[in-house]
Amino acid sequence: MNWLPLFVVVPLGMAFLTPILSKWLKWFPDAAANLATGSAMALSIVALPFAKATTVYFVGGWMPFNGVPIGIHLVLDGLTVLMLLAVNLVAFACTVYSVSYMKHYTDKAKFVTLFLLMVAGLNGVVVSGDLFNVFVFFEITAIACYALVAFGVEAEELEASFKYQVLGGVASSLILLGIALFYWLTGTLNLADGARVLAQKEGNPAVFFIGGLLFTGFGLKGALMPFHAWLPDAHPSAPAPVSAMLSGVVIKVLGVYAICRVFFNVLGVTPALLSVLLVLGVVSMTVGVLLALAQWDFKRLLAYHSISQMGYIVIGIGLGTPLGILGGLFHLVNHTVFKSLLFLNAGALEYATGTRNLKRLGGLNRKMPVTSGTSMIASFSIAGLPPFNGFWSKLVIVLACVQAGHPIIAGWAVLGSILTLASFLKVQRYAFWGELRETWARVREAPAPMCAAMIALAILCLAMGALLIPSVKAAVLDPAVEVLTGGLSYASKALGG
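Here the sequence shown stands for residues 515 to 1011, numbered as in our numbering.
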């Protein structure tokens, strides 16, 4: 597994080289971004055969001493592989898209440097096997995101970035305090070793307090209601590729993944925690879609739908059953694709017209057929219409709710999809259908790299239902589900590795 550190080293190395070499090689930022994210995506695919086992890489060759970890561990298992696929697939699509899109901005080298730091941080969070390094990569990701949200340096962007920094700083403080108490209680920062120690301290009230600190911090990072206040401003203000990353993977890695890994595999899941997840999931799903219905700024509408769709994911995880977890993780990867595509669609519209206000658009399907067609596919996917990928994951979540004895939550999930469909029919009606305004008579389709990224993600929206085919499901989704349903067995597997 000597290649496991490459998920961090490659984007981090390219981020270091970009500001240096771009002074002489103007083409280098685009090449570096696409080479780094493309390589990471290829490595994620290479990692798929390893998903069924838990593999540990000992950084620097520091092997455990008498079974006790003494160095930094990188861990690869089914959940890790699934998250790496999601992160690096979207990152590659976004770097292809940014080749043309970022010409609107002044310094592509700085953008690429920050973007690759964000990707390195996300990959680092996913592969890290100890809490302190998780926190370090959290901060690398967060600091890069703060700067990327403010990249346009207009008043709106700076205000959104400041709000994001303030709430992100609160989240980081809570997480760091939780990590400090975790170390005080267990004497270790290694996740697997900490799980082993905590198994001998069952019922200790300090575990509950540590869990509360970490859950609140991760909830803020993941923008779960009521911790969502930063998201509706940050997502619309960022450049479109950054918005796609924020909604597609950042809130999932720093929120859902962190909660799943720490609580299911280390601290242990309790019925109370699952109930909290269900309540927050239902509230996020319902309130997010209702707020989205009232929006006319395309990217702000999408931001509120990020909150709503996170609710579906959290409901599936919160059921705690194998079918529910399957639905939650399946919807996580589906949402990664169709929501990233929708933000890229919004960026293409703004690139061509200079506005995101749906009331000022209309009839653009004649001028921008690729953007219009891919936007319709993504809209039907997020609304859960068959045969698009969102339908299959929502169906699994609804069936899991009924199976677990929560038919009311299943009904709310169906209602949420209906309201989501209404919201995106409004988008299609005002942005692409109807009469073409004279203002947009000379509008042209987005450049080829932007179209290529959108078409690739649209194809995935049509194809990802195949993840439920038994053989494909056994290779991609089932190993991730087994990591969470296996719970604290993660400790013995990771330490044994």
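For glycine and all other residues, C-beta sits at the position ideal for the given N, C-alpha and C.
query: Within this structure, are the beta carbons of Lys-881 and Glu-996 separated by less than 8 Å?
result: no
message: Taking 7 Å as the cut-off, is the C-beta of Val-650 nearer than that to any heavy atom in the ligand GTP?
response: Of the ligands one can find in the structure shown there are none, so the ligand GTP has no counterpart to examine.
query: Can you name, in chain order, every residue of its own chain whose Cβ lies under 6 Å from the Cβ of Ala-529, other than the five neighbours on each side?
result: Thr-627, Leu-630 and Leu-631
field: Segment contact flag, the stretch 812-827 with the stretch 789-800, C-beta cutoff 8 Å, min 3 pairs
entry: yes
- prompt: Smallest Cα separation from Thr-835: which of Ala-936, Asp-992, Ile-891 and Val-801?
  reply: Asp-992
field: Neighbour-count burial assignment, Arg-870, 16 or more Cβ in a 10 Å radius
entry: buried
message: Helix, strand or coil, according to DSSP, for Thr-702 in the structure here?
response: coil
- prompt: Which residue comes first and which comes last in the alpha helix (DSSP H) that contains Phe-722?
  reply: 719-736
query: In chain order, what residues of the same chain lie with their CB nearer than 6 Å to the CB of Leu-688, ignoring the 5 residues before and after it?
result: Leu-727, Thr-730 and Gly-731
- request: Grab the span of the alpha helix (DSSP H) containing Phe-905 for me, first residue to last.
  value: 903-917
- request: Return the chain-ordered list of same chain residues with a C-beta closer than 7 Å to the C-beta of Leu-518, the five sequence neighbours on each side being excluded.
  value: Tyr-571, Leu-588, Leu-590 and Val-641
Beta-carbon gap between Ala-488 and Ala-860 smaller than 8 Å: Outside the modelled stretch of the chain, which goes from 515 to 1011, sits residue 488, for which no answer is possible.
field: Same chain, Cβ closer than 6 Å to Gly-832, five either side skipped, listed in chain order
entry: Leu-788, Leu-791, Leu-792 and Gly-795
field: Pick from Leu-768, Phe-722, Leu-598 and Ala-720 that is closest to Leu-738, judged by C-alpha positions
entry: Leu-768
- prompt: Per DSSP, what kind of secondary structure is Asn-779 in: helix, strand or coil?
  reply: helix
task: Could you check what DSSP says for Gly-1011 in three-state terms: helix, strand or coil?
output: Confidence is the limiting factor: at Gly-1011 the pLDDT is only 46, short of 50, which leaves the residue's position unreliable, though a coordinate-based value still follows. Residue state, collapsed to three classes: coil.
query: Any chance the stretch 887-904 sits against the stretch 938-952, with 3 or more Cβ pairs inside 8 Å?
result: yes
Presumed contact (8 Å Cβ cut-off) between Ile-654 and Gly-692, rounded CB distance: Rounded, the Cβ-Cβ distance is 19 Å, inconsistent with contact.
message: Considering only their Cβ atoms, is the gap separating Thr-867 from Val-957 smaller than 8 Å?
response: yes
- request: Check whether the Cβ atoms of Val-884 and Cys-975 sit closer than 8 Å, and answer yes or no.
  value: no
Beta-carbon proximity list for Ala-713, same chain, < 7 Å, skipping 5 on both sides: Leu-1002
message: Which of the three DSSP states is assigned to Asp-621 in this structure?
response: coil
query: Per DSSP, what kind of secondary structure is His-742 in: helix, strand or coil?
result: coil
Rounded straight-line distance, which links the Cα of Val-560 to that of Val-763: 20 Å
- request: For Phe-646, collect the residues of the same chain with a Cβ closer than 7 Å to its Cβ; drop the 5 residues on either side in sequence, then sort them by chain order.
  value: Ile-693 and Leu-703
- request: Keeping to the same chain, check which residues put their C-beta closer than 8 Å to that of Asp-707; ignore five residues upstream and five downstream.
  value: Val-582, Pro-583, Thr-700, Ala-1005 and Leu-1009
Segment limits, alpha helix (DSSP H) that includes His-845: 836-867
- prompt: According to the neighbour-count rule (16 or more other Cβ atoms, all chains shown, within 10 Å of its Cβ), is Thr-934 buried or exposed?
  reply: buried
Supposed close pair Pro-525, Ala-565 - CB separation, criterion 8 Å: At roughly 22 Å, the Cβ-Cβ gap does not stay under 8 Å, so Pro-525 and Ala-565 are not in contact.
query: Between the stretch 597-610 and the stretch 536-550, do at least 3 Cβ pairs fall closer than 8 Å?
result: yes
query: For the putative contact between Ile-765 and Gly-736, defined by C-beta atoms under 8 Å, what is the C-beta separation to the nearest angstrom?
result: 5 Å
field: DSSP state of His-819 mapped onto helix, strand, coil
entry: helix
message: Can you find the residues in the same chain that come closer than 8 Å, C-beta to C-beta, to Tyr-660, ignoring five residues on each side of it along the sequence?
response: Ser-675, Tyr-678, Gln-679 and Gly-682
- prompt: Taking all protein chains shown into account, do 16 or more other C-beta atoms lie within 10 angstroms of the C-beta of Pro-746, making it buried, or fewer, making it exposed?
  reply: buried
Reduced DSSP secondary structure (H/G/I, E/B, other) of Asn-516: coil
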